[in-house]
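A short worksheet on the structure shown next.
Numbering (the working numbering), first residue to last: 13 to 406.
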């Protein structure tokens, strides 16, 4: 049987193989960058690669546990990886510990993350949602003597304190062939040559590349000095340039928001939608034969992921209906939500796709909960559009 660490990565990817478009990184190296991105930035793509990332992970998996490396940092936590492991750690920052009244802490996020996973597990197939949520596992408290005795010496110096930590499924970055194409197409660096591209790709933060699907923003100018591949935004203009299926992305985001709101009962504040990858099993048919699957970092399935629940809050659907509407609506028109939700006036066709999927998925979820007559989601979407006129940039 596969371990929890192994099955966490493969459980949601094996079903993708049937409809996948398999691509070879070595063959993609010889085609223009725009073509690479057009082929790879799709949830039906599986990229076969012999990159240093795959080799490094394969080698590290057979060695004793190594030092942890920072691969991301946010308001309340830092993400740390350990080479060869399919799980990562999200560790609370020290300043959160010094402010115990701060409600957005890692323990709170762990609870909400579990709620989101439960909702997606229950309703994704029924509503047709392809957005995936990385699995979350253990909650490790500062009082866990055995864990910290082993872990503290392996932490980077700035994070070498006992703080609440959770373990999660590792969301893999986009492969190097895709990162190279992103640099060539969108960095706007003057006199860009192969040496400059290699230098950018060699920078550690640029190895941890996830691409945010920002349907709500037409375009933003970023000076080439500030270009980074970490959490790289794909503005709508960029997605259109690459002929990405923005209507399908809008529909998937609508379902995901409905699952958060009416399934998990959270407001979705400051969540992110990103394109990343997951490793496919390196032995075909192993699961069917009851064999142990092993890491296959050479074969990476591209997926659309929902991540980062650290600033979300719970919403009680038994509250007054208008209060519930206001909780959801208020978050949808502010913060990062507007990066992802299509602009209802600038791109009405994309917003219509988002709204249709949101209403259809939400109604199915509410019917399952026996609350179908309590909320009118078509009215809610229309009310959101009117409300948004006072908040959205015209």
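All C-beta atoms in this analysis are idealised placements derived from N, C-alpha and C, irrespective of residue type, glycine included.
- When only Cα atoms are considered, residue 392 and residue 262 end up about 18 angstroms apart.
- Excluding five sequence positions before and after residue 36, the CB atoms of its chain that fall closer than 6 angstroms to its own CB belong to 60, given in chain order.
- Annotation for residue 255: no alpha helix (DSSP H) segment contains it, and DSSP assigns it neither H nor E.
- Secondary structure remark: continuous alpha helix (DSSP H) runs of at least 4 residues inside the stretch 172-231, in chain order: 188-198, 206-214 and 216-219.
- In this structure, residue 197 places its C-beta atom within 8 angstroms of the C-beta atom of residue 45.
- Of the residues assessed, residue 188 falls on the buried side of the cut-off, its CB having 16 or more other CB atoms within 10 angstroms.
- Your pair residue 370 and residue 270 checks out as a contact, with CB atoms roughly 5 angstroms apart and the cut at 8 angstroms.
- Between the stretch 97-107 and the stretch 272-283, the count of C-beta pairs closer than 8 angstroms stays below three; the two stretches do not touch.
- Beta-bridge pairing by DSSP links residue 289 to 184 and 314.
- Beyond the five residues adjoining it in sequence on each side, residue 225 comes within less than 8 angstroms, by CB distance, of 246, 251, 261, 265, 285, 286, 287, 316 and 352 in the same chain, given in chain order.
- Ranked by Cα distance from residue 152, the first of 166, 169, 174 and 131 is 174.
- In the structure shown, residue 397 falls within a helical segment according to DSSP collapsed to helix, strand and coil.
- A residue is called buried once 16 or more other Cβ atoms fall within 10 Å of its Cβ, and residue 283 is buried on that count.
- Of the residues 190, 387 and 133, the one whose Cα lies closest to the Cα of residue 42 is 190.
- DSSP places residue 242 in the strand class (E or B) of the three-state scheme.
- Residue 179 and residue 154 do not touch by the CB rule: their CB atoms are close to 15 angstroms apart, not below 8 angstroms.
- Between residue 80 and residue 168, the C-beta spacing is below 8 angstroms.
- Within the stretch 39-68, the runs of alpha helix (DSSP H) at least 4 residues long that lie entirely inside it are, in chain order, 45-52.
- Where residue 36 is concerned, the enclosing beta strand (DSSP E) starts and stops at 33-36.
- Between residue 241 and residue 204, the gap from beta carbon to beta carbon reaches 8 angstroms or more.
- Partner residues in a beta bridge of residue 323, as assigned by DSSP, do not exist.
- When the beta-carbon positions are compared, residue 366 and residue 378 stay at least 8 angstroms from each other.
- Here residue 145 has 128, 129, 132 and 318 as same chain residues with Cβ atoms under 6 angstroms from its own Cβ, once five neighbours each way along the sequence are excluded.
- Partner residues in the beta bridge of residue 278, as assigned by DSSP, are 326.
- In the same chain as residue 243, and ignoring 5 residues on each side of it, the C-beta atoms closer than 7 angstroms to its own belong to 222 and 224, in chain order.
- Between the beta-carbon of residue 374 and that of residue 273 there is about 7 angstroms, and that keeps the pair under the 8 angstroms contact cut.
- With a contact defined as Cβ atoms closer than 8 angstroms, residue 327 and residue 339 qualify at about 5 angstroms.
- Taking C-beta separations shorter than 7 angstroms and ignoring five residues to either side along the sequence, the partners of residue 362 in its chain run 227, 258, 259, 262 and 354, following chain order.
- Rounded to whole angstroms, the Cβ separation of residue 312 and residue 348 is 26 angstroms, and the two are not in contact under 8 angstroms.
- Counting only the Cα atoms, residue 256 lies some 44 angstroms from residue 159.
- Around the beta carbon of residue 54, 16 or more other beta carbons lie within 10 angstroms, which makes this residue buried.
- Under the criterion of beta carbons closer than 8 angstroms, residue 267 and residue 143 qualify as touching, at roughly 7 angstroms.
- Residue 82 holds the alpha-carbon nearest to the alpha-carbon of residue 170 among 87, 292, 82 and 390.
- In this chain, the beta strand (DSSP E) harbouring residue 103 covers 99-104.
- Counted as a single uninterrupted DSSP element, the alpha helix (DSSP H) harbouring residue 351 occupies residues 349-352.
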